[in-house]
Amino acid sequence: MYQRTVTLEPVAPFSFDLTAGYHTYYQARYGSDSLEEGVYRRLLDLDGNLVLASVSSVGNVEEPRLEVRLQGQGLDDESVAKATTLVSWLLGAEQELRPFYDMVSGDETMSETTRRFHGLHLPHTASVFEALVLAILGQQISTHVARVVRTLLIETCGPHLDVDGVLYYAFPRPETLAAMPVEELRGMKLSWRKAEYIRGIALASLEELDGLESLRGLDDQEVVSEVTRLRGVGNWTAQWLLVRALGRPDALPLGDLALRRTVSALYFQGEPIDDAQVEEFCARWSPWRTYATVYMFAAMRNPMG
DNA sequence: ACCCAGGCATTGG
DNA sequence: CCAATGCATGGG
Numbered sequence: 018m019y020q021r022t023v024t025l026e027p028v029a030p031f032s033f034d035l036t037a038g039y040h041t042y043y044q045a046r047y048g049s050d051s052l053e054e055g056v057y058r059r060l061l062d063l064d065g066n067l068v069l070a071s072v073s074s075v076g077n078v079e080e081p082r083l084e085v086r087l088q089g090q091g092l093d094d095e096s097v098a099k100a101t102t103l104v105s106w107l108l109g110a111e112q113e114l115r116p117f118y119d120m121v122s123g124d125e126t127m128s129e130t131t132r133r134f135h136g137l138h139l140p141h142t143a144s145v146f147e148a149l150v151l152a153i154l155g156q157q158i159s160t161h162v163a164r165v166v167r168t169l170l171i172e173t174c175g176p177h178l179d180v181d182g183v184l185y186y187a188f189p190r191p192e193t194l195a196a197m198p199v200e201e202l203r204g205m206k207l208s209w210r211k212a213e214y215i216r217g218i219a220l221a222s223l224e225e226l227d228g229l230e231s232l233r234g235l236d237d238q239e240v241v242s243e244v245t246r247l248r249g250v251g252n253w254t255a256q257w258l259l260v261r262a263l264g265r266p267d268a269l270p271l272g273d274l275a276l277r278r279t280v281s282a283l284y285f286q287g288e289p290i291d292d293a294q295v296e297e298f299c300a301r302w303s304p305w306r307t308y309a310t311v312y313m314f315a316a317m318r319n320p321m322g
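Below is the structure:
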């Protein structure tokens, strides 16, 4: 087992605790991600080479600096470079929050939220495949149930590495899920339909050389129309894919029950609203609707108390 | 025992 | 073309 340490300098403002915590839903551990005692850990799957990244903050929100410790078997310069790029992506380190903060400065409700969550960057998934599977898994079920299913999937099917006596898991590989009988996926508390959808996504991502990763070259509209051709992927899932896997700043997950309730609670005095009203209202935040959505969710998950 | 949860595809009018 | 329905399972 080799070890290397590199540093990252995210774009300020950057709150390490808020951003890393978003990955784990502010718990100690969630599937492949953990955040314990100020250290964010994630097992990276670099084309089959498993490397544990342990990230901690050695700066502050306005002068952010991250120390990244990498541990694994094959740590040559090339894999260190890949790992560094991936960790930066996972934490959304390159995002510029200022334009969004400036845009909402006249909106007292949103400004209060951007002050409370100052420096929250939007974390990303490691792959398109991961974002799609997680989104499908979470369709129409409570976040609590999704947590159970997600943990089961990752700890049953994900590649793992033992570091100092602790097992760390990476997200399952497409080939693993593609080769798995649907009954076995069913055993992980997925419905038959979701099990089939996930199998289909796994097969699709193995299809060509880059599979689903080639979506990165398309614009938002093209991504949505391409990806919704997959069974189990509607607009909601496609929009969250734009947010989570592709880092697009102007996605809006219409159809999201929590989004309707959140916009309603913050801007319509709790009066029930439909998707058309959400879309019309959220137009004010274009081209930063992704940020607006995530900050509103942050506010609702973590109400002032 | 109900009913709902950060959707989607299918079916029936 | 729109409305209704089933889906798995843990909480309230």
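Residue numbers (this note's numbering): 18 to 322. Just so you know, even glycine gets a beta-carbon here, dropped at the ideal spot from N, CA and C.
1. How about Phe134 and Ala268: do their beta carbons lie closer than 8 Å?
2. If you drop the 5 nearest sequence neighbours on each side, which residues of the same chain put their C-beta closer than 6 Å to that of Pro191?
3. Nearest CA to the CA of Pro176: which residue from Arg164, Met321, Gly65?
4. As a quick exercise: from Tyr47, Val183, Phe285, pick the residue whose alpha carbon is nearest that of Val165.
5. Please list the segments of the alpha helix (DSSP H) lying wholly inside the segment 81-118, counting only runs of 4 or more residues, in order along the chain.
6. What residues match up with Leu178 in a beta bridge as DSSP calls it?
7. Roughly how many angstroms separate the alpha carbons of Gly204 and Pro189, rounded to a whole number?
8. I need the DSSP call for Glu225, collapsed to helix, strand or coil.
9. Is it true that the CB of Val23 sits closer than 8 Å to the CB of Val75?
10. Looking only at its chain, what residues have a beta carbon closer than 6 Å to the beta carbon of Leu139, apart from the 5 residues adjacent to it on each side?
11. For Arg59, which residues from the same chain have a beta carbon less than 7 Å from its beta carbon, with the 5 sequence-adjacent residues on both sides left out?
12. Starting from Asn252, follow the alpha helix (DSSP H) in both directions and report where the run begins and ends.
13. In whole angstroms, give me the CA-to-CA distance for Glu288 and Glu239.
14. For Pro304, which option in His40, Phe117, Glu54, Gly38 has the closest C-alpha, if you only look at C-alpha atoms?
15. Check the DSSP bridge columns for Asp50 and list the partner residues they point to.
16. What do you get for Thr102, buried or exposed, if any count of 16 or more other CB atoms within 10 angstroms of its CB means buried?
17. With 16 as the cutoff for other CB atoms within 10 Å, does Leu184 come out buried or exposed?
18. Closer than 8 Å is the cut-off here; do at least three beta carbon pairs connect the segment 145-160 with the segment 230-245?
19. Which first and last residues belong to the alpha helix (DSSP H) in which Gln294 is found?
20. Excluding sequence positions up to five away, which residues of its chain have a Cβ less than 7 Å from the Cβ of Leu247?
21. Is Gly136 closer than 8 Å to Phe31 when the C-beta atoms are compared?
22. Please report the straight-line C-alpha distance between Trp209 and Met321, rounded to a whole angstrom.
23. Among the candidates Tyr19, Ile290, Val280, whose CA atom is the shortest distance from the CA of Val301?
24. Just to confirm my understanding: we take Ser96, look at its own chain, exclude 5 residues before and 5 after, and list those with CB closer than 7 Å. What are they?
25. Rounded to whole angstroms, what is the Cα-Cα separation between Val295 and Asp93?
26. In terms of residues, what are the limits of the alpha helix (DSSP H) holding Thr142?
27. So for Thr245, helix, strand or coil by DSSP?
28. Looking only at its own chain, which residues have a Cβ that is under 8 Å from the Cβ of Gly251, when we skip the five neighbours before and after it?
29. As a quick exercise: from Asn77, Glu80, Lys99, Val78, pick the residue whose alpha carbon is nearest that of Leu87.
30. Measure how close the beta-carbons of Leu169 and Lys206 come, nearest whole angstrom, since I'm counting them as under 8 Å.
31. Check Ala268 in the structure and name its three-state DSSP category.
In this structure, then:
1. Against the first sequence, residue 134 aligns to sequence position 117. Against the first sequence, residue 268 aligns to sequence position 251. No.
2. Stepping through the first sequence from its first residue, residue 191 is reached at position 174. Cβ neighbours of Pro191 beyond the five flanking positions: Phe146, Ala219, Ser222, Leu223.
3. Here residue 176 is taken as the residue at index 159 of the first sequence, counted from 1. Nearest C-alpha to Pro176: Gly65.
4. The residue given as residue 165 occupies position 148 in the first sequence. It is Tyr47 whose Cα lies nearest to the Cα of Val165.
5. 94-107
6. Taking the first sequence and counting its residues from 1, the one referred to as residue 178 is at position 161. BP columns for Leu178 point to Tyr185.
7. For the purposes of this step, residue 204 is taken as residue 187 along the first sequence, with counting starting at 1. For the purposes of this step, residue 189 is taken as residue 172 along the first sequence, with counting starting at 1. So the two alpha carbons sit approximately 16 Å from each other.
8. Stepping through the first sequence from its first residue, residue 225 is reached at position 208. Looking at Glu225 - three-state DSSP - the assignment turns out to be coil, as it is neither helix nor strand.
9. Here residue 75 corresponds to residue number 58 of the first sequence, with the count starting at 1. Here residue 23 corresponds to residue number 6 of the first sequence, with the count starting at 1. Going by C-beta atoms, Val75 is not nearer than 8 Å to Val23.
10. Residue numbering aside, residue 139 sits at position 122 when the first sequence is read from its first letter. Closer than 6 Å at the Cβ level, and outside the excluded window around Leu139, lie Gly109, Val311.
11. Counting from one through the first sequence, the residue named residue 59 turns up at place 42. Ser49, Asp50, Ala70, Leu107, listed in sequence order.
12. Residue numbering aside, residue 252 sits at position 235 when the first sequence is read from its first letter. Note, Asn252: alpha helix (DSSP H), 252-261.
13. In the first sequence, counting from the first residue as 1, residue 288 sits at position 271. In the first sequence, counting from the first residue as 1, residue 239 sits at position 222. Rounded to whole angstroms, Glu288 to Glu239 spans 34 Å at the Cα level.
14. Translated into the one-based positions of the first sequence, residue 304 becomes position 287. The shortest Cα separation from Pro304 among His40, Phe117, Glu54, Gly38 belongs to Phe117.
15. Translated into positions along the first sequence, residue 50 becomes position 33. In DSSP, Asp50 forms a bridge with Tyr47, Arg59.
16. Stepping through the first sequence from its first residue, residue 102 is reached at position 85. Result: exposed.
17. Numbered from its first residue, the first sequence carries residue 184 at position 167. Exposed, because fewer than 16 other Cβ atoms sit within 10 Å of the Cβ of Leu184.
18. yes
19. The sequence position of residue 294 within the first sequence is 277, counting from 1. That run of the alpha helix (DSSP H) goes 292-299.
20. Here residue 247 is taken as the residue at index 230 of the first sequence, counted from 1. The residues are Gly217, Ile218, Ala221.
21. Along the first sequence, one-based indexing puts residue 31 at 14. Along the first sequence, one-based indexing puts residue 136 at 119. Closer than 8 Å, so yes.
22. As a position in the first sequence, residue 209 is number 192, starting the count at 1. As a position in the first sequence, residue 321 is number 304, starting the count at 1. Whole-angstrom Cα-Cα distance: 40 Å.
23. Here residue 301 is taken as the residue at index 284 of the first sequence, counted from 1. The sequence as given places Arg at residue 301; Val does not occur at that position. Nearest of Tyr19, Ile290, Val280 to Arg301, Cα basis: Val280.
24. Counting from one through the first sequence, the residue named residue 96 turns up at place 79. Around Ser96: Leu63, Asn66, Val68.
25. Along the first sequence, read from residue 1 onward, the residue named residue 295 stands at position 278. Along the first sequence, read from residue 1 onward, the residue named residue 93 stands at position 76. Distance between the alpha carbons of Val295 and Asp93: 49 Å.
26. Start at 1 with the first residue of the first sequence, and residue 142 comes out as number 125. Unbroken run through Thr142: none, as it is neither H nor E.
27. For this step, residue 245 is matched to residue 228 along the first sequence. Coil at Thr245, not helix or strand.
28. Counted from its first residue, the first sequence places residue 251 at position 234. So the list reads Thr245, Gly272, once near-sequence residues are dropped.
29. As a working mapping, residue 87 is identified with position 70 in the first sequence. Considering only alpha carbons, the answer is Lys99.
30. Indexing the first sequence from 1 puts residue 169 at position 152. Indexing the first sequence from 1 puts residue 206 at position 189. Indeed they touch by this definition, with Cβ atoms about 6 Å apart.
31. Within the first sequence, numbered from 1, the residue matching residue 268 stands at position 251. Of the three classes helix, strand and coil, the one that applies to Ala268 here is coil, per DSSP.
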